[in-house]
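2 is the number of the first residue of the sequence shown in the working numbering; add one for each residue after it.
Inspection log for the structure reproduced underneath, given as structure tokens.
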Amino acid sequence: MAKKFYSETRVIYADTDAMGVAYHGNYIKWFEIGRTEYLRQIGFPYAGLERDGIWLPVTELSCKYKRPAFYDDLLCIVTRVENLGGASIVMGYEILRGTNGESIAAGKTWHGITDHNLKPVRLKRAFPDLYAAVVRTLNDDGI
């Protein structure tokens, strides 16, 4: 099983609708927070990847909403790599309510691995250190 990486965020007032419930589009933003923090935690911050010419455009996403998030909820974003292809990566996410660990959403994002012209890049060949770091997270029993 892939190693899990954890990050936190809080639902701010601007994230909610008139009912005080987090707007559904924010879950995708929270997935991005998880993905960004995953990369930072393995030693490859997103900004550095982009400077080095690696982009990770989203090609597909899914989100299953289980329970609503509300204003001021502390959220724990659990992120893991589900699949690493030659020039693609699939990330999995679960969003938990921080106060009780209740699962409120789960999803995936599919990404191409490209250069700045959106041409596919073979990660193993072009960036072996990053490839090795990601592979290490695939072969962990989790936290």
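We put the CB at the ideal spot given by N, CA and C, even for glycine.
From the options, residue whose alpha carbon lies closest to that of residue i
i           : options         : result
residue 117 : 53, 66, 84, 105 : 53
residue 92  : 39, 101, 124    : 39
residue 4   : 132, 82, 13     : 82
residue 72  : 32, 130, 16     : 16
residue 86  : 136, 34, 30     : 136
residue 70  : 14, 138, 130    : 14
Bridge partners - residue i, DSSP secondary structure assignment
i           : result
residue 112 : 59, 90
residue 17  : 23
residue 123 : BP columns for residue 123 are empty, so no partner.
Residue interval of the alpha helix (DSSP H) (run including residue i)
i           : result
residue 137 : 129 to 139
residue 34  : 27 to 42
residue 52  : 47 to 52
Spatial neighbours of residue i in its chain, beta-carbon cut-off 7 Å, leaving aside the 5 residues before and after
i          : result
residue 55 : 114, 122, 128
residue 61 : 111
residue 32 : 94, 108, 110
residue 34 : 8, 10, 78
Spatial distance of residue i from residue j (CA atoms)
i           : j           : result
residue 97  : residue 11  : 11 Å
residue 143 : residue 134 : Legend: pLDDT at residue 143 = 44, less than 50; position of this residue unreliable, value from coordinates given subsequently. Cα to Cα, the separation comes out at about 15 Å.
residue 68  : residue 104 : 7 Å
residue 21  : residue 126 : 48 Å
residue 37  : residue 48  : 9 Å
residue 140 : residue 2   : 6 Å
residue 45  : residue 132 : 11 Å
residue 88  : residue 63  : 20 Å
residue 26  : residue 102 : 21 Å
residue 80  : residue 138 : 11 Å
Own chain residues within Cβ distance below 6 Å of residue i, not counting five before or after
i           : result
residue 42  : 6
residue 107 : 65, 95
Residue i, enclosing beta strand (DSSP E) - first and last residue
i          : result
residue 10 : 6 to 11
residue 82 : 75 to 85
Spatial neighbours of residue i in its chain, beta-carbon cut-off 8 Å, leaving aside the 5 residues before and after
i           : result
residue 9   : 75, 76, 77, 78, 99
residue 18  : 24
residue 119 : 56, 58, 113
residue 84  : 90, 91
Residue i: CB within 7 Å of a non-hydrogen atom of the ligand COA
i           : result
residue 138 : Absence of the ligand COA is noted for the structure shown, with no ligands found whatsoever.
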